[in-house]
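Chemist: In order, the protein sequences belong to chains A and B. Using the numbering used here, you'd call the opening residue of the first sequence number 6 and step up by one each time. Using the numbering used here, you'd call the opening residue of the second sequence number 6 and step up by one each time. Ideal Cβ placement from N, Cα and C applies to all residues, glycine included. Owing to the predicted nature of the structure, the values given are computational and were not obtained by experimental measurement. Got a structure for you, questions after.
2 protein chains.
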Amino acid sequence: MGFEYRKRKILNALAKKEVVEVASLVEEIGVSDITIRRDLAALEKLNLLKRTHGGATKIEGSPIVNFDLKSNQNQAEKEKIGQKAALEVKEGEVIFIDCGSTTLQMCSHLKHLNIKVITNSLPVVSALQNCQVSVNLIGGELDQKRQAIHGKMAEWHIKQYHAHKAFIGADAIDKEGHLWAISETEAEISTAMITQSDKAYVLADSSKIGKKGYLKFSTETHEIIS
Amino acid sequence: MGFEYRKRKILNALAKKEVVEVASLVEEIGVSDITIRRDLAALEKLNLLKRTHGGATKIEGSPIVNFDLKSNQNQAEKEKIGQKAALEVKEGEVIFIDCGSTTLQMCSHLKHLNIKVITNSLPVVSALQNCQVSVNLIGGELDQKRQAIHGKMAEWHIKQYHAHKAFIGADAIDKEGHLWAISETEAEISTAMITQSDKAYVLADSSKIGKKGYLKFSTETHEIIS
DNA sequence: TTGTTTTTGTTTATTTTTGACCAAATGTAA
DNA sequence: TTACATTTGGTCAAAAATAAACAAAAACAA
């Protein structure tokens, strides 16, 4: 029950209740009050909360939300979408897989196939380890946050190949069926994959449909899997 | 009940709980605390978790990407070589890092530098996550066994870049200083890296020096770090 | 087999964390 | 305002966690 554990407990309590008290934390976590106070002082230094007499309050301008929770929210839906998309892939084909948490879900259903996957996503590569699938990794600059490759070199790399199908992860799909990306670099990669393949599938869970995003990158209508 | 088994146990626990403690791992796995601590240190080096007092936490913003190499002999020596090689790298430089268990050891000593690393090795990418270093991943076909990229596209990719230094992992170095590779594809990658850099360093532990390998790929004499 | 390397565990010393005590500060109620 | 209870911040000692050095055990190769 070290500091990291208590830190999470405290921040979780704060996320729910806006205000926490030393006394209740002492009881909940089972350590002395002085320890809790030291924790609060440490967390205040990290700008994760504001201390008050007898406890602490949430800080307003702190956007550090547990996106862990968010990614779990649609997990079940994404899994289904991934499975559905994988059914579209036939033995012997060459496919592009874009980066994104939904497209990643396809991988576990592709492992037994004798196909060639071209991807810019490191999690996809990781998920396709130790199996039949032949992997071609797109080269270029690594976006550490997204765990994916992008940039001019990546775009060029994609243009050297041609695939039967492309599986794209859009950030949003509006009512007209246009695709929206979260950044220019992602849009470029997705566009290139679409261009270099016979058919493009767009994977999107319900939270992404009927919305607009930051950058519209495709006005064609593609097959949408959701 | 070797390292691989414990590693899986530890990462599984982390995947569920965000935080693990040495004490609970000791109980669950049934080994001494120092062993667990050593495991955690090793996993931290691979960027698979972050050590804390009393345990470890999940790495934030990083999914299950887990690339690493098995079977390590002369581990201690390779670590020293890696550290030595890292000293040759100066702030602001661009470097190639070849695949191999010895070159991989450089990474933990490069994390604080503001450099650009161009590599074909997935474990290297994995080890350089969440740090200053800007990573450029060479694209092409994935060699699942070696966890590295090779092939024509990879070679072409390398030739688009130029680096100050290249750190090469040879399979053998004979008495005349010639380099030997274990396969043609590896030789091609190494050769390309050497060609595209101002200076090449060859990393080799004592078991590789004075021997011949399968394919001689460089007759120049390079700086050998051992 | 023997000898070597690798892994694991024990011991000791050091560091970090935690909790107890007490004086000072803060908040509350009359 | 005063009186009173609570909270807080120091110092210090106890407890826990860690690191380093060394020894034992296991795995491996010759």
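If we count Cβ pairs, one from each stretch, closer than 8 Å, do we get three or more for the segment 148-166 of chain A versus the segment 168-187 of chain B?
Modeler: Contact between the segment 148-166 of chain A and the segment 168-187 of chain B is absent, because fewer than three Cβ pairs lie under 8 Å.
Chemist: Residue 135 of chain A by DSSP, collapsed to three states: which one?
Modeler: Of the three classes helix, strand and coil, the one that applies to residue 135 of chain A here is coil, per DSSP.
Chemist: Tell whether a beta-carbon distance below 9 Å holds between residue 3 of chain A and residue 118 of chain A.
Modeler: The question about residue 3 of chain A has no answer here: the residues shown for chain A are numbered 6 through 231.
Chemist: Quick check: the Cα distance between residue 73 of chain A and residue 147 of chain B, rounded to an integer number of angstroms?
Modeler: At residue 73 of chain A the pLDDT is 41, less than 50, meaning the model places this residue with poor confidence; the figure from the coordinates comes in the next sentence. Looking at the two C-alpha atoms, the distance is approximately 30 Å.
Chemist: Beta-carbon within less than 8 Å of residue 84 of chain A's beta-carbon, same chain only, minus the 5 sequence neighbours each way: which residues are those?
Modeler: The residues are 110.
Chemist: For residue 44 of chain A, collect the residues of the same chain with a Cβ closer than 7 Å to its Cβ; drop the 5 residues on either side in sequence, then sort them by chain order.
Modeler: Contacts found: 8, 11, 12, 15.
Chemist: If we count Cβ pairs, one from each stretch, closer than 8 Å, do we get three or more for the segment 130-138 of chain A versus the segment 197-211 of chain A?
Modeler: Not touching, per the Cβ criterion.
Chemist: Would you list, in sequence order, the uninterrupted beta strand (DSSP E) runs of no fewer than 3 residues that lie entirely inside the segment 90-123 of chain B?
Modeler: Fully enclosed beta strand (DSSP E) runs of 3 or longer: 99-102.
Chemist: What does DSSP give as the partner residues of residue 207 of chain A in its beta bridges?
Modeler: In DSSP, residue 207 of chain A forms a bridge with A:173, A:229.
Chemist: One question on the structure: do residue 174 of chain B and residue 105 of chain B come within less than 9 Å of each other, judged by their Cβ atoms?
Modeler: Cβ atoms of residue 174 of chain B and residue 105 of chain B: closer than 9 Å.
Chemist: Measure the beta-carbon distance from residue 144 of chain B to residue 143 of chain A and round it to whole angstroms, keeping in mind my assumption that it falls under 8 Å.
Modeler: About 5 Å separates the two Cβ atoms, so the contact holds.
Chemist: Cutting at 7 Å between CB atoms, please list the residues of its own chain near residue 197 of chain A, excluding the five before and the five after it.
Modeler: Cβ neighbours of residue 197 of chain A beyond the five flanking positions: 160, 163, 164.
Chemist: Alpha carbon to alpha carbon, how far is residue 96 of chain A from residue 200 of chain A? Give it in angstroms, no decimals.
Modeler: Roughly 22 Å separates the two Cα atoms.
Chemist: Does the beta carbon of residue 113 of chain A come closer than 9 Å to any beta carbon on chain B?
Modeler: No, residue 113 of chain A lies away from the interface with chain B (no Cβ there is under 9 Å from its Cβ).
Chemist: Check residue 29 of chain A in the structure and name its three-state DSSP category.
Modeler: In the structure shown, residue 29 of chain A sits in a helix (DSSP, three-state: H, G or I).
Chemist: Per DSSP, residue 151 of chain B forms a beta bridge with which residues?
Modeler: Paired residue(s): none; residue 151 of chain B is not in a bridge.
Chemist: List the DSSP bridge partners of residue 212 of chain A.
Modeler: According to DSSP, residue 212 of chain A bridges with nothing at all.
Chemist: What are the residues of the segment 143-171 of chain A that lie near chain B, defined by any Cβ-Cβ distance shorter than 8 Å?
Modeler: Listed by position along the chain: 143, 144, 145, 146, 147, 149, 150, 152, 154, 158, 159, 162, 165.
Chemist: At the 9 Å Cβ level, is residue 228 of chain B part of the contact set with chain A, yes or no?
Modeler: No, residue 228 of chain B lies away from the interface with chain A (no Cβ there is under 9 Å from its Cβ).
Chemist: With distance defined between alpha-carbon atoms, name the residue in B:114, B:78, B:102 nearest to residue 89 of chain B.
Modeler: Taking only the C-alpha atoms, the option nearest residue 89 of chain B is B:114.
Chemist: To the nearest angstrom, report how far apart residue 187 of chain B and residue 208 of chain B are at their CA atoms.
Modeler: Going by the C-alpha atoms only, they are around 15 Å apart.
Chemist: For a contact defined as C-beta to C-beta under 7 Å, what are the partners of residue 58 of chain B on chain A?
Modeler: Under the 7 Å cutoff, chain A gives 7, 8.
Chemist: On the three-state DSSP scale, how would you describe residue 37 of chain B?
Modeler: Reduced to three states, the DSSP call for residue 37 of chain B is coil.
Chemist: Under DSSP, the beta strand (DSSP E) around residue 222 of chain A begins and ends at which residues?
Modeler: Run containing residue 222 of chain A: 220-223, per the beta strand (DSSP E) assignment.
Chemist: Under 7 Å Cβ to Cβ from residue 224 of chain A, same chain only, skipping five residues before and after it: list those, please.
Modeler: Cβ within range, chain order: 183.
Chemist: Mind listing which residues of the segment 117-134 of chain A have their C-beta closer than 7 Å to chain B's C-betas, in chain order?
Modeler: Result list: 127, 128, 130, 131, 134.
Chemist: Keeping to the same chain, check which residues put their C-beta closer than 7 Å to that of residue 138 of chain A; ignore five residues upstream and five downstream.
Modeler: Result list for residue 138 of chain A: 115, 116, 118, 120, 122, in chain order.
Chemist: Does the Cβ of residue 39 of chain A have 16 or more other Cβ atoms within 10 Å, making it buried, or fewer, making it exposed?
Modeler: Exposed is the call here.
Chemist: Closer than 6 Å by C-beta to residue 18 of chain B: which residues in its own chain qualify, once you throw out the five before and the five after it? Chain order, please.
Modeler: Here the set comprises 25.
Chemist: Can you have a look at residue 60 of chain B and say buried or exposed, based on whether 16 or more other CB atoms are within 10 angstroms of its CB?
Modeler: When all chains shown are included, residue 60 of chain B counts as buried.
Chemist: Starting from the C-beta of residue 193 of chain B, find all residues in its chain whose C-beta is less than 6 Å away, skip the five residues before and the five after it, and write them out in chain order.
Modeler: Counting only Cβ-Cβ distances below 6 Å, and skipping sequence neighbours, we find 160.
Chemist: Which same chain residues, not among the five before or five after residue 228 of chain B, have their C-beta less than 6 Å away from its C-beta?
Modeler: Excluding sequence neighbours, residue 228 of chain B sits near 206.
Chemist: Look at the alpha carbon of residue 30 of chain A and the alpha carbon of residue 42 of chain A, and state the distance between them as a whole number of angstroms.
Modeler: Roughly 10 Å separates the two Cα atoms.
Chemist: Could you tell me which chain A residues have their CB closer than 8 Å to the CB of residue 17 of chain B, listed as they occur along the chain?
Modeler: Result: empty, since nearest Cβ-Cβ is about 16 Å, beyond 8 Å.
Chemist: May I ask you to report which of helix, strand or coil DSSP gives residue 199 of chain A?
Modeler: Helix.
Chemist: Below 9 Å between beta carbons: does that hold for residue 63 of chain A and residue 28 of chain A?
Modeler: Against a cut-off of 9 Å, the Cβ pair of residue 28 of chain A and residue 63 of chain A comes out as no contact.
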